[in-house]
Amino acid sequence: MMGEQNVIDGTAEEVGTDIEHVEQQHATTLFRTDDPVEVVERASRIADALKDVLDKKGLVERIQGKGHVKVEGWQLLGSMLGVTAVCVDTEPIDGGFKATVEARTIDGRVVGRADALCTKHEKRGPWKSSDDYARLSMAQTRATSKALKGPLGFVVSLGGYQTTPAEEMTFAEPDGAGQQSGDMAKREAGRVTQEQYQAIVAAFQNAQAVSVKQLVAWLDEHNAPQDENFAQRVAGLDAPTALKLQKWLAEKGQVAA
């Protein structure tokens with residue numbers, strides 16, 4: 002009987018040792034070491050590897066002259082360290098949605114948590130006229146970046162980027178966005194209009210004196226876009242060239258310009 006009691010006591014001691022071992026494992030950092038110097042060294046190596054991918058894959062947005070990592074970049078960093086973002090709650094609010102996301106390790110520990118909103122009341126962005134599903138998705142995206150920022154932000158900083166995720170920079174446009182919008186507006190203003198396009202198509206269909214070969218030669222001569230599709234070539238003309246094409250067809254005596 003005494004021997005059996007000793008065995009039971011021995012088993013209890015072994016269980017206690019296992020628990021202590023598990024607790025020690027849980028206390029280890031994401032870099033699998035508790036040595037501060039080793040943590041910095043490993044984080045720096047990861048930051049260098051991450052930077053190479055972020056720059057090549059366009060996962061950084063330049064805003065006010067500084068680099069802000071997009072959500073895909075944060076998720077990539079998380080996967081490198083065994084941290085995933087899990088959306089645990091979403092709820093409708095005035096004009097949009099609120100999302101809550103947790104950053105969890107592979108063994109289920111919560112190492113980060115964040116809330117984020119997306120509503121039609123935002124001054125910048127397309128959210129005022131977006132569908133509900135788009136606002137909900139953006140709320141989750143923003144919360145994902147913010148949750149991962151908690152445990153992983155310093156690694157991003159070591160890579161030379163800002164720790165504020167790109168999706169949180171709702172108050173500022175990406176660098177060059179204004180110029181790009183202006184250039185796009187100019188290009189759109191100079192393109193053939195829908196009315197011109199329809200008139201050209203109708204003119205060609207009725208201009209029996211103009212063969213397809215002649216029309217292609219005219220388009221080539223006037224540097225029309227080099228698309229295989231005739232409709233795309235005509236639609237890609239600028240407005241002045243489209244007007245010349247209308248007049249050329251009219252000179253064939255088939256359709257008035």
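Under our numbering, the residue at position 222 of the sequence shown is numbered 223, and the numbers go up by one with no gaps.
C-beta: ideal position from N, C-alpha, C; glycine also.
Since this is a predicted model, take the numbers as computed values, not measurements.
Return the first residue and the last residue of the beta strand (DSSP E) that residue 93 is part of.
Looking up residue 93 in the sequence shown gives position 92. 84 to 94 is the extent of the beta strand (DSSP E) around residue 93.
If we call anything under 8 Å between Cβ atoms a contact, is residue 143 one with residue 120?
Translated into positions along the sequence shown, residue 143 becomes position 142. Translated into positions along the sequence shown, residue 120 becomes position 119. Cβ distance not < 8 Å, so residue 143 and residue 120 don't count as in contact.
Please confirm whether residue 91 and residue 141 have their CB atoms less than 8 Å apart.
Within the sequence shown, numbered from 1, the residue matching residue 91 stands at position 90. Within the sequence shown, numbered from 1, the residue matching residue 141 stands at position 140. Yes.
Thinking C-alpha only, which one of 169, 103, 96 is nearest residue 122?
As a position in the sequence shown, residue 122 is number 121, starting the count at 1. Ranking 169, 103, 96 by Cα distance to residue 122 puts 96 first.
Have a look at residue 1 and residue 37 and give me their C-alpha separation to the nearest angstrom.
Residue 1 is absent from the structure shown; the chain starts at 2 and stops at 258.
According to DSSP, which residues form a beta bridge with residue 47?
Working through the sequence shown from its first residue, we reach residue 47 at position 46. Bridge partners of residue 47: none, in fact.
Since residue 163 sits in a beta bridge, which residues does DSSP pair it with?
Here the question's residue 163 lines up with position 162 in the sequence shown. Per DSSP, 69.
Could you tell me whether the stretch 96 to 113 touches the stretch 61 to 71, where touching means 3 or more Cβ pairs closer than 8 Å?
The answer is no - the stretch 61 to 71 does not touch the stretch 96 to 113, with fewer than three Cβ pairs under 8 Å.
Which class does residue 113 belong to by DSSP, given the choice of helix, strand or coil?
Indexing the sequence shown from 1 puts residue 113 at position 112. It is a strand residue.
Write down the C-beta distance between residue 169 and residue 146 rounded to the nearest angstrom, noting that I regard them as a contact closer than 8 Å.
As a position in the sequence shown, residue 169 is number 168, starting the count at 1. As a position in the sequence shown, residue 146 is number 145, starting the count at 1. About 7 Å separates the two Cβ atoms, so the contact holds.
Would you identify the three-state DSSP class for residue 98, choosing helix, strand or coil?
In the sequence shown, the residue the question calls residue 98 occupies position 97. Residue 98: strand per DSSP, three-state reduction.
Would you call residue 31 buried or exposed, if buried means 16 or more other Cβ atoms sit within 10 Å of its Cβ?
Reading the sequence shown from its first residue, position 30 is the one you call residue 31. It is buried - the Cβ of residue 31 has at least 16 other Cβ atoms within 10 Å.
Cα separation between residue 157 and residue 48?
Numbered from its first residue, the sequence shown carries residue 157 at position 156. Numbered from its first residue, the sequence shown carries residue 48 at position 47. Near 6 Å, if we compare the C-alpha coordinates of residue 48 and residue 157.
Using the three-state DSSP reduction, which class does residue 62 fall into: helix, strand or coil?
Within the sequence shown, the letter at position 61 stands for residue 62. If DSSP states are grouped into helix, strand and coil, residue 62 belongs with the strands.
Can the beta-carbon of residue 70 be found closer than 8 Å to that of residue 88?
To locate residue 70, count along the sequence shown from 1; it is residue 69. To locate residue 88, count along the sequence shown from 1; it is residue 87. Contact flag unset, no.
Name, in chain order, the residues that DSSP records as bridge partners for residue 103.
By 1-based counting over the sequence shown, the position of residue 103 is 102. 87, 114.
Tell me where the alpha helix (DSSP H) around residue 225 begins and ends.
Within the sequence shown, residue 225 is the residue found at index 224, counting from 1. It is not in any alpha helix (DSSP H) - residue 225 carries neither H nor E in the DSSP assignment.
What separation, rounded to the nearest whole angstrom, lies between the Cα atoms of residue 184 and residue 126?
Residue numbering aside, residue 184 sits at position 183 when the sequence shown is read from its first letter. Residue numbering aside, residue 126 sits at position 125 when the sequence shown is read from its first letter. For residue 184, the pLDDT reaches just 42, beneath the cut-off of 50, and the residue's location in the model is therefore unreliable, although a value from the coordinates is still provided. Going from the Cα of residue 184 to the Cα of residue 126 covers about 18 Å.
Quick check on residue 120: does DSSP put it in helix, strand or coil?
The residue you call residue 120 lines up with position 119 of the sequence shown. Three-state DSSP puts residue 120 in a strand.
Under three-state DSSP, which class holds residue 239?
Numbered from 1 along the sequence shown, position 238 holds the residue referred to as residue 239. Note: residue 239 maps to strand in three-state DSSP.
Any idea what DSSP makes of residue 30, helix, strand or coil?
The residue labelled residue 30 in the question sits at position 29 within the sequence shown. Note: residue 30 maps to coil in three-state DSSP.
How big is the Cα-Cα spacing for residue 105 and residue 116?
As a first step, residue 105 must be located in the sequence shown, where it is residue number 104. As a first step, residue 116 must be located in the sequence shown, where it is residue number 115. So the two alpha carbons sit approximately 15 Å from each other.
Quick one: Cα of residue 24 to Cα of residue 35, how far?
As a first step, residue 24 is located in the sequence shown; it is residue number 23 there, counting from the start. As a first step, residue 35 is located in the sequence shown; it is residue number 34 there, counting from the start. For residue 24, the predicted model reports a pLDDT of 40, less than 50, meaning its position is unreliable; a value from the coordinates is still stated below. If you take the alpha carbons of residue 24 and residue 35, they lie about 13 Å apart.
Pull up the CB-CB distance for residue 225 and residue 237, whole angstroms please, since I reckon it's below 8 Å.
For the purposes of this step, residue 225 is taken as the residue at position 224 of the sequence shown. For the purposes of this step, residue 237 is taken as the residue at position 236 of the sequence shown. About 7 Å; that satisfies the 8 Å criterion.
Residue 125 by DSSP, collapsed to three states: which one?
Counting from one through the sequence shown, the residue named residue 125 turns up at place 124. Looking at residue 125 - three-state DSSP - the assignment turns out to be coil, as it is neither helix nor strand.
Could you tell me the alpha carbon to alpha carbon distance between residue 205 and residue 221, rounded to whole angstroms?
Here residue 205 is taken as the residue at index 204 of the sequence shown, counted from 1. Here residue 221 is taken as the residue at index 220 of the sequence shown, counted from 1. If you take the alpha carbons of residue 205 and residue 221, they lie about 16 Å apart.
Would you report the Cα separation of residue 60 and residue 74, rounded to the nearest angstrom?
The residue you call residue 60 lines up with position 59 of the sequence shown. The residue you call residue 74 lines up with position 73 of the sequence shown. Computed Cα separation, rounded: 6 Å.
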